[in-house]
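There are 2 protein chains.
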Amino acid sequence: MAQHIVIVEDDAVTRKRLAASLRKQMYRVSEAENAGQMEEVIARDPADLLLVDINMEGKDGLTITREQRAASKVGIILLTSRDDQIDRIIGLEMGADDYVTKPFDRRELFARIKNLLARISELSEVRQKVEPVAQVGGWTLDHLRRRLVDESGTIEPLTRAEFELLHAFFRHPGVILSRDRLLDLIQHRQWDPDNRTIDVLVGRLRKKIETNPSNPDWIITVHGEGYLFAPPDI
Amino acid sequence: MAQHIVIVEDDAVTRKRLAASLRKQMYRVSEAENAGQMEEVIARDPADLLLVDINMEGKDGLTITREQRAASKVGIILLTSRDDQIDRIIGLEMGADDYVTKPFDRRELFARIKNLLARISELSEVRQKVEPVAQVGGWTLDHLRRRLVDESGTIEPLTRAEFELLHAFFRHPGVILSRDRLLDLIQHRQWDPDNRTIDVLVGRLRKKIETNPSNPDWIITVHGEGYLFAPPDI
DNA sequence: CATCCCTTTTTACATTCTTTTACAAGTTCG
DNA sequence: CGAACTTGTAAAAGAATGTAAAAAGGGATG
């Protein structure tokens with residue numbers, strides 16, 4: 006799901022303009038005009054990144070930074086005015102990750118946002134130890150290099166779509182999978198009745214793995230329902 | 006080899022005058038009029054010492070200090086104006102090694118430079134030994150010298166961009182990285198759909214590290230998504 | 001400062017991959 | 001059996017990638 010950015014800024018014009026352009030970049034954006042609103046928002050939907058104006062009525066940006074940093078590892082970028090160097094430094098010492106000076110350059114701000122979000126998601130990225138290979142029948146699917154190896158070690162290269170589809174089959178042996186489900190498994194895409202992508206891909210996979218593609222042993226057609234991956238050894 | 010000093014100063018007069026007199030003292034001197042230029046310079050040829058003006062358009066001296074200090078143990082001397090005591094103090098807190106106030110006395114500055122460089126070179130032997138090299142498969146990526154060494158010890162020189170890209174790959178093995186992300190990792194640059202820089206660089210890297218560049222084992226293309234670094238031993 | 005050399009980026013075109021289209025062939029069920 | 005529907009598949013269209021070569025930078029040198 007899209008990453009969640011919360012803008013905390015009491016000037017409505019700046020806030021809304023910023024929110025609009027961030028939404029255009031496909032971020033999920035919430036707006037708060039003060040610390041209280043922000044807390045409500047993130048209680049409901051935790052933020053990945055806070056964009057906080059340093060000068061606000063009530064609880065200011067530095068206080069927010071200190072409090073949030075103590076509570077979580079959310080990314081924090083401060084919006085400061087150009088001449089407020091001291092605030093900037095203190096902000097960083099309090100745990101903000103970055104700052105931009107107002108009036109800010111859009112592209113610079115966006116670059117910093119993207120950058121920080123990437124760093125953050127890297128940290129939380131639990132390196133899921135994927136099994137490097139899956140063996141079925143005589144075939145070995147090399148997950149790491151996304152290719153297929155036969156018993157003798159010969160490499161059968163797969164395109165991205167072929168690999169994704171075969172991978173989906175390997176994960177669901179002996180189960181009938183609808184075209185809809187398969188399309189979802191390989192690319193999170195919506196299926197519509199005259200989408201023939203899966204059929205074409207099945208045809209190509211059969212050419213690569215079946216002894217006799219027109220009389221398949223591995224990928225079986227189930228008329229009206231979908232396809233069934235039927236490896237010999239399950 | 007002579008020690009490398011980088012002057013980061015946007016006033017050309019001050020900068021060039023300083024550079025000239027430092028060159029007379031047999032230092033290797035590079036000039037940068039802003040943070041971007043500085044980064045390019047030290048990417049190509051790491052600095053022993055940065056001389057940074059604290060007041061500059063764009064990224065200022067304090068920011069540079071913070072960033073560089075986080076990345077390395079390079080020596081940093083700040084050039085401050087006489088009345089900016091706060092900046093000086095903050096600068097030192099952020100990790101600058103020393104500062105001089107403008108207008109500065111030549112002999113004083115040179116004394117401080119000599120002093121700091123001496124302290125650094127004392128450390129540098131130790132630092133070189135612990136300087137990390139990354140080993141993956143049969144390759145060793147030498148961070149210090151920015152080059153690649155194979156199992157037999159043969160050196161494969163890399164250009165700056167090639168090194169940065171390979172370094173990014175080394176840091177993210179087994180993960181699909183989009184072109185956007187890669188460009189960000191190697192130079193904090195915005196990606197646009199018809200930027201082919203990454204593709205070209207991947208092509209060049211493949212020529213250097215793949216047995217068969219048109220059938221790569223290490224850097225795998227994932228159509229529509231990006232590239233995947235697949236070392237044999239993760 | 002002009003010039004050279006090396007690196008990086010852009011451009012242009014060839015190639016490959018994905019999806020769609022079109023029609024042939026197969027299946028179901030009255 | 002035959003109409004209605006589903007599947008197989010070649011081939012076209014549309015995108016993305018590979019890559020040589022031109023253009024643009026950038027630093028070094030005289």
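Protein sequences, first through last, are from chains A and B. So the first sequence is residues 6 to 239, counted in the working numbering. So the second sequence is residues 6 to 239, counted in the working numbering. Heads up, the beta-carbon is just placed ideally off N, CA and C, and yes, glycines get one too. Please read all numbers here as calculations on a predicted model, not as lab measurements.
Selected residue, minimal CA-CA separation from residue i, among the options
i      : options                           : result
D155/B : E215/B, R201/B and P198/B         : E215/B
L56/A  : T202/A, G63/A, A40/A and S183/A   : A40/A
L187/A : L153/A, E161/A, W223/A and E230/A : E230/A
E256/B : H172/B, P198/B and K107/B         : Coverage of chain B is limited to positions 6 through 239, which leaves residue 256/B absent and any answer about it impossible.
L210/B : K29/B, T226/B, D65/B and D197/B   : T226/B
M31/A  : P162/A, Q8/A, N200/A and H148/A   : Q8/A
P245/B : G158/B, L54/B, Q140/B and L121/B  : The structure shown does not extend to residue 245/B, since chain B is modelled only from 6 to 239, so the question has no answer here.
S157/A : V18/A, G143/A and R150/A          : G143/A
V18/B  : E36/B, H148/B and I10/B           : E36/B
D197/A : R184/A, L206/A and Y232/A         : R184/A
E62/A  : D16/A, P51/A and E72/A            : D16/A
F175/B : E38/B, N217/B, W223/B and A116/B  : W223/B
E72/A  : D50/A, L163/A, M99/A and V46/A    : M99/A
S126/A : V180/B, A48/B, H148/B and A101/B  : V180/B
P51/B  : F234/B, I203/B and R151/B         : R151/B
F234/A : V138/A, V207/A, R165/A and V46/A  : V207/A
G66/B  : E38/B, P218/B, P236/B and D238/B  : E38/B
I203/B : D147/B, Y232/B and L146/B         : Y232/B
P221/B : V46/A, S26/A and I160/A           : I160/A
E45/B  : R22/B, R28/B and R165/B           : R165/B
S26/A  : R74/A, R111/A and P237/A          : R111/A
D189/B : V138/A, P237/A and A116/A         : A116/A
K213/A : P137/A, K64/A and L146/A          : L146/A
P237/B : K64/A, L149/A, R22/A and M6/A     : L149/A
R20/A  : F109/A, K64/A, A76/A and A75/A    : F109/A
A173/B : V138/A, N200/A and R124/A         : R124/A
K64/B  : K64/A, K29/A and V105/A           : V105/A
N120/A : Q195/B, S77/B and P218/B          : Q195/B
Contact belief for residue i with residue j at Cβ below 8 Å, rounded distance in angstroms
i      : j      : result
T85/B  : I59/B  : 5 Å
I82/B  : D103/B : 5 Å
E259/A : Q192/A : The shown model of chain A, from 6 to 239, leaves out residue 259/A, and the question about it has no answer.
V79/B  : M43/B  : No, V79/B and M43/B are not in contact; Cβ-Cβ is about 11 Å, not under 8 Å.
D53/B  : L122/B : 6 Å
A48/B  : V34/B  : At roughly 17 Å, the Cβ-Cβ gap does not stay under 8 Å, so A48/B and V34/B are not in contact.
L171/A : L163/A : 7 Å
Those residues which DSSP pairs with residue i across a bridge
i      : result
S219/A : BP columns for S219/A are empty, so no partner.
H177/A : H177/A pairs with nothing; no bridge assigned.
G231/A : V227/A
G208/B : DSSP output for G208/B lists no bridge partner at all.
H9/A   : R33/A
I160/B : V154/B
A139/A : L146/A
D103/B : I82/B
L114/A : Answer is none; L114/A lacks a bridge partner.
D58/A  : L84/A
L182/B : Y232/B
Exercise for the section: Go through the stretch 19-54 of chain B residue by residue and report every complete run of the alpha helix (DSSP H) that reaches 4 residues or more, in order. Expected result: 40-49
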